[in-house]
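Protein chains in written order, with the numbering used here: chain A, 1 to 235; chain B, 236 to 342.
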């Protein structure tokens, strides 16, 4: 047996990583607890959406019937033309726009620019609300065409179940986000984050960190839509 | 490092914002142009990952976070890929069983 006297002990490239995770006090040093908890929630939410998308994959691969062509199912008639996925494309752009305004709201929040932060939050909320409105329109259109969770006129019967489940769950997330965006907008305009006014439920001092935490949630909703757009609408 | 504050130049947000618009337009174009099969799937996945990466890294500030929290967020996501792999095989198995059943029963 060879001597292992000369074996080098490999030091982790990022030593802070090892020491911080091995810390007996707390991990994620310097990260506000609210932000860490939001990230942990988002990881769990990632699992939920992944399970929906994985079940969609399983169903789509294992069905004997032809899967409906989303390009046609979600197409809209504009004049004499049938534009594929028009509404979905608009919804995608709206969500990206709202993500941009949210990112800027976070930036202005940390600069303690109350007005800019408030207006950008308001814009985000309105974009989000219009997204939900378009989704309601899309659902109505499909239901009128006879799409049900157990049958549809286009092909594989599982299509409806997957569609209502995935877009419905995402729409719920957007709706909750919009509600919270309006609440936070009010708090921003009232100056809660400048005066450190204590929260109604938590009695914690308000801080512009809350805007970033709100932003994390909102960007996540956009992130999920990126995956739904790719796998459900484009695939 | 994100030590409670996040201060970044305005430019980077507008840059990423524009980029997200362009990439979204490109992924819509994949459908518009009518690519099929592996070209289509490859392009969809590529644009999807590009968008997701930019949203996560810049808009969600992950690029400036500490490594321990980045690892805590991203590491569990590999479990999802394993699950995808398992169910991908499972679905083909189900399809084969179904085809055999329908062939025998004639339905």
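Where is the CB? At the ideal position from N, CA and C, for every residue including glycine.
Do you know how far the Cα of residue j is from the Cα of residue i?
i, j, result
"residue 236 (chain A)", "residue 95 (chain A)", "Beyond the ends of chain A as shown, which are 1 and 235, falls residue 236 (chain A); an answer cannot be given."
"residue 282 (chain B)", "residue 273 (chain B)", "14 Å"
"residue 41 (chain A)", "residue 295 (chain B)", "14 Å"
"residue 313 (chain B)", "residue 229 (chain A)", "21 Å"
"residue 107 (chain A)", "residue 243 (chain B)", "7 Å"
"residue 132 (chain A)", "residue 223 (chain A)", "16 Å"
"residue 97 (chain A)", "residue 200 (chain A)", "31 Å"
"residue 26 (chain A)", "residue 19 (chain A)", "11 Å"
"residue 180 (chain A)", "residue 58 (chain A)", "34 Å"
"residue 124 (chain A)", "residue 24 (chain A)", "40 Å"
"residue 323 (chain B)", "residue 187 (chain A)", "47 Å"
"residue 293 (chain B)", "residue 248 (chain B)", "8 Å"
"residue 215 (chain A)", "residue 206 (chain A)", "16 Å"
"residue 289 (chain B)", "residue 251 (chain B)", "7 Å"
"residue 43 (chain A)", "residue 220 (chain A)", "10 Å"
"residue 86 (chain A)", "residue 121 (chain A)", "27 Å"
"residue 117 (chain A)", "residue 104 (chain A)", "8 Å"
"residue 318 (chain B)", "residue 162 (chain A)", "18 Å"
"residue 70 (chain A)", "residue 275 (chain B)", "14 Å"
"residue 35 (chain A)", "residue 208 (chain A)", "12 Å"
"residue 89 (chain A)", "residue 148 (chain A)", "23 Å"
"residue 33 (chain A)", "residue 304 (chain B)", "12 Å"
"residue 328 (chain B)", "residue 158 (chain A)", "18 Å"
"residue 192 (chain A)", "residue 130 (chain A)", "27 Å"
"residue 267 (chain B)", "residue 306 (chain B)", "38 Å"
"residue 65 (chain A)", "residue 330 (chain B)", "11 Å"
"residue 218 (chain A)", "residue 84 (chain A)", "27 Å"
"residue 239 (chain B)", "residue 204 (chain A)", "With a pLDDT of 46 at residue 239 (chain B), under the threshold of 50, the modelled position of this residue cannot be trusted, and the question is left open."
"residue 178 (chain A)", "residue 335 (chain B)", "49 Å"
Residue i bridges to which residues according to DSSP?
i, result
"residue 81 (chain A)", "A:78"
"residue 205 (chain A)", "A:198"
Label residue i either buried or exposed according to how many other C-beta atoms from any shown protein chain fall within 10 Å of its C-beta, with 16 as the threshold for buried.
i, result
"residue 10 (chain A)", "With a pLDDT of 48 at residue 10 (chain A), under the threshold of 50, the modelled position of that residue is not reliable, and no figure is offered here."
"residue 301 (chain B)", "buried"
"residue 210 (chain A)", "buried"
"residue 332 (chain B)", "exposed"
"residue 153 (chain A)", "exposed"
"residue 227 (chain B)", "Since the first residue of chain B shown is 236 and the last is 342, residue 227 (chain B) is not available in this structure."
"residue 109 (chain A)", "buried"
"residue 111 (chain A)", "exposed"
"residue 140 (chain A)", "exposed"
"residue 81 (chain A)", "exposed"
"residue 127 (chain A)", "buried"
"residue 194 (chain A)", "exposed"
"residue 340 (chain B)", "exposed"
"residue 68 (chain A)", "buried"
"residue 227 (chain A)", "buried"
"residue 135 (chain A)", "buried"
"residue 173 (chain A)", "buried"
"residue 310 (chain B)", "exposed"
"residue 202 (chain A)", "exposed"
"residue 77 (chain A)", "exposed"
"residue 253 (chain B)", "exposed"
"residue 49 (chain A)", "buried"
"residue 278 (chain B)", "buried"
Run down chain B in chain order and give the residues with a C-beta less than 9 Å from the C-beta of residue i.
i, result
"residue 58 (chain A)", "322, 323, 325, 326 and 329"
"residue 72 (chain A)", "Here the premise fails: no neighbours, minimum Cβ distance about 11 Å."
Where do the ends of the alpha helix (DSSP H) carrying residue i lie?
i, result
"residue 301 (chain B)", "Unbroken run through residue 301 (chain B): none, as it is neither H nor E."
"residue 310 (chain B)", "Element bounds for residue 310 (chain B): n/a, residue is neither H nor E."
"residue 248 (chain B)", "245–268"
"residue 72 (chain A)", "70–73"
"residue 139 (chain A)", "114–144"
"residue 24 (chain A)", "Per DSSP, residue 24 (chain A) belongs to no alpha helix (DSSP H) and is neither H nor E."
"residue 158 (chain A)", "158–190"
"residue 44 (chain A)", "33–62"
Starting from the beta carbon of residue i, find every residue of chain A whose beta carbon is closer than 7 Å, and list them in chain order.
i, result
"residue 334 (chain B)", "64"
"residue 259 (chain B)", "92, 93 and 96"
"residue 279 (chain B)", "230, 234 and 235"
"residue 267 (chain B)", "84"
"residue 304 (chain B)", "28, 31, 36 and 39"
Which chain B residues are close to residue i, counting only those with a beta carbon under 7 Å from its beta carbon?
i, result
"residue 89 (chain A)", "263"
Closer than 7 Å: is that where the CB of residue i sits relative to any heavy atom of the ligand HEM?
i, result
"residue 233 (chain A)", "This structure lacks the ligand HEM, and indeed carries no ligand of any kind."
Using a Cβ cut-off of 8 Å, pull out every chain A residue sitting near residue i, in sequence order please.
i, result
"residue 248 (chain B)", "100, 103, 104 and 107"
"residue 290 (chain B)", "99, 219, 222, 223 and 226"
"residue 315 (chain B)", "46, 47, 50 and 54"
"residue 299 (chain B)", "Ordered by position in chain A, no residue passes the 8 Å Cβ test against residue 299 (chain B), which lies about 11 Å from the chain."
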